[in-house]
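Visitor: Numbered by UniProt numbering, the letters in the sequence shown go through residues 1 to 304 in order.
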Amino acid sequence: MAHMMHTDMKSGHAKLCILDVGNRTDFFDGELLQNFFKQVDNESEHITVESDIYCVRYGHWPGDHRHSLWKELIDQHILPYSHMNYPPLLVEEKDFPEPKHIASTIHRCYDGLIIGGGGDSTLNDNLPYLNTLLEVIKILVNTFDFPTVGICFGSQSIIKALYGPDRVSTLQIQKSTPEYGYMTCYLNDFAKKHPIMTGIPNSFVQCFYHSDCFLIPQEMRLIHTKTWSNEAYQIPNRKCFGFQYHPCFTREEAAREFESLRESEPLSIIHHDGETDLEVSKRFAENFIRLYVLRGFVKTTQSV
1 MAHMMHTDMK
11 SGHAKLCILD
21 VGNRTDFFDG
31 ELLQNFFKQV
41 DNESEHITVE
51 SDIYCVRYGH
61 WPGDHRHSLW
71 KELIDQHILP
81 YSHMNYPPLL
91 VEEKDFPEPK
101 HIASTIHRCY
111 DGLIIGGGGD
121 STLNDNLPYL
131 NTLLEVIKIL
141 VNTFDFPTVG
151 ICFGSQSIIK
161 ALYGPDRVST
171 LQIQKSTPEY
181 GYMTCYLNDF
191 AKKHPIMTGI
201 PNSFVQCFYH
211 SDCFLIPQEM
221 RLIHTKTWSN
231 EAYQIPNRKC
241 FGFQYHPCFT
251 REEAAREFES
261 LRESEPLSII
271 HHDGETDLEV
281 SKRFAENFIR
291 LYVLRGFVKT
301 TQSV
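(1) Measuring only the C-alpha atoms, how far is Arg283 from Leu294?
(2) Output needed for Glu45: all residues of its chain with C-beta closer than 6 Å, excluding positions within five of it in sequence on either side, in chain order.
(3) Does DSSP put Cys109 in a helix, in a strand, or in coil?
(4) According to DSSP, is Arg238 helix, strand or coil?
(5) Going by DSSP, which residues form a beta bridge with Arg221?
(6) Could you give the first and the last residue of the continuous alpha helix (DSSP H) run that contains Tyr163?
(7) Assign Phe214 to one of three DSSP states: helix, strand, or coil.
(8) Go ahead and label Pro87 buried or exposed: buried means 16 or more other beta carbons lie within 10 angstroms of its beta carbon, across all protein chains shown.
(9) Which of helix, strand or coil does DSSP assign to Ser281?
(10) Measure the C-alpha to C-alpha separation of Cys240 and Glu257 and round it to an integer number of angstroms.
(11) Between the alpha carbons of Ile106 and Arg57, how many angstroms are there, rounded?
(12) Name the two residues that bound the continuous alpha helix (DSSP H) containing Asp189.
(13) Taking the continuous alpha helix (DSSP H) assigned at Thr132, which residues delimit it?
(14) I think Cys213 touches His246, with their Cβ atoms under 8 Å apart; what is that distance to the nearest whole Å?
(15) Does the structure place the stretch 114-126 close enough to the stretch 155-172 that three or more beta carbon pairs sit under 8 Å?
(16) Less than 8 Å between the beta carbons of Leu113 and Leu134, yes or no?
(17) Am I right that Thr227 and Glu179 are in contact with their C-beta atoms under 8 Å? What's the rounded C-beta distance?
(18) Any idea which residues DSSP pairs Ala14 with across the strands?
Below, the structure written as structure tokens:
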């Protein structure tokens, strides 16, 4: 007679807010991040992650009373996932919710924040949504120590919000070159011992597509490449991280951008170190959710 075995399984649930600043569907899509930060599954844990996408570049913010209309347009892929220069609905800056209201809504309704990348530049102070975004970041990180990850533009926005405009620049001004393509990332000594990098090798390949950069002190740096020393960071004593690369870009997603890039840049500028290591990307997402986002587990027993 077979004996039934019982194993303990921890289950949990988290909800993320994704602020999508993408300006066209073939560059960046909040849905890529939504799929990337989806769930954590292993022999002892099952964590389900929900997320909502807000198209902040077009005036769609958490706490906006028009959210149901926005959500319907997003679900139908009408905006911003269209090839139109502007979607059917464009909210002016004067009609944005107050940053305090946006931040308190995120803090109340979500467990973590992801700020994505796009074609805009944090050096452009004329972006209608940028000031609001920077104020929201300040409140969430400084006041609430809210779990936050910035990707590319998002990582630069965090640094500008918390440390000022002098801490963002371009790689050209810093006497380096734009980073496009698949580049090898190297963990700094600080990162090798950091819990967020548990299970991640000392070197791995990720997809880069940026010419802007952030300027941070050595003690904040997690990752470097052969061409630039500031590729990732943790804000000291905060649950806040930033990455210059796009961890959720597969070769298919990136191919469109590199194809269009070849029209304006020489082929030699595009790096080819391999393909994005999506297992590394997945492990980081799992570590971030488990260590910083999840508020607690429910213990269950399964029969095997």
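Every residue, glycine too, gets a C-beta built ideally from N, C-alpha and C.
Guide: The answer reads as follows:
(1) Here residue 283 refers to the residue found at position 283 of the sequence shown. Here residue 294 refers to the residue found at position 294 of the sequence shown. Looking at the two C-alpha atoms, the distance is approximately 15 Å.
(2) By 1-based counting over the sequence shown, the position of residue 45 is 45. Correct list, in chain order: Lys10.
(3) Position 109 of the sequence shown, counting from 1, holds the residue named residue 109. Residue state, collapsed to three classes: helix.
(4) Position 238 of the sequence shown holds residue 238. Arg238: coil per DSSP, three-state reduction.
(5) Stepping through the sequence shown from its first residue, residue 221 is reached at position 221. Bridge partners of Arg221: Tyr233.
(6) Here residue 163 refers to the residue found at position 163 when the sequence shown is read from its first residue. From DSSP, the alpha helix (DSSP H) with Tyr163 extends over 153-163.
(7) What you label residue 214 is simply residue 214 of the sequence shown in a count that begins at 1. Phe214: strand per DSSP, three-state reduction.
(8) The residue labelled residue 87 in the question sits at position 87 within the sequence shown. Note on Pro87: pLDDT 46, under 50, position unreliable in the model; the coordinate value appears next. It counts as buried.
(9) Counting from one through the sequence shown, the residue named residue 281 turns up at place 281. Of the three classes helix, strand and coil, the one that applies to Ser281 here is helix, per DSSP.
(10) Counted from its first residue, the sequence shown places residue 240 at position 240. Counted from its first residue, the sequence shown places residue 257 at position 257. Looking at the two C-alpha atoms, the distance is approximately 28 Å.
(11) Along the sequence shown, read from residue 1 onward, the residue named residue 106 stands at position 106. Along the sequence shown, read from residue 1 onward, the residue named residue 57 stands at position 57. Those two C-alpha atoms are separated by around 17 Å.
(12) Walking along the sequence shown from the start, residue 189 turns up at place 189. Segment 189-192, the alpha helix (DSSP H) holding Asp189.
(13) For the purposes of this step, residue 132 is identified with residue 132 of the sequence shown, where counting begins at 1. For Thr132, the enclosing alpha helix (DSSP H) begins and ends at 130-138.
(14) Taking the sequence shown and counting its residues from 1, one reaches residue 213 at position 213. Taking the sequence shown and counting its residues from 1, one reaches residue 246 at position 246. Actually they do not touch by this definition, with Cβ atoms about 15 Å apart.
(15) The answer is yes - the stretch 114-126 touches the stretch 155-172, with three or more Cβ pairs under 8 Å.
(16) Reading the sequence shown from its first residue, position 113 is the one you call residue 113. Reading the sequence shown from its first residue, position 134 is the one you call residue 134. No; because the gap between Cβ atoms is not below 8 Å, this pair is not in contact.
(17) Along the sequence shown, one-based indexing puts residue 227 at 227. Along the sequence shown, one-based indexing puts residue 179 at 179. Indeed they touch by this definition, with Cβ atoms about 6 Å apart.
(18) Taking the sequence shown and counting its residues from 1, one reaches residue 14 at position 14. Bridge partners of Ala14: Val49.
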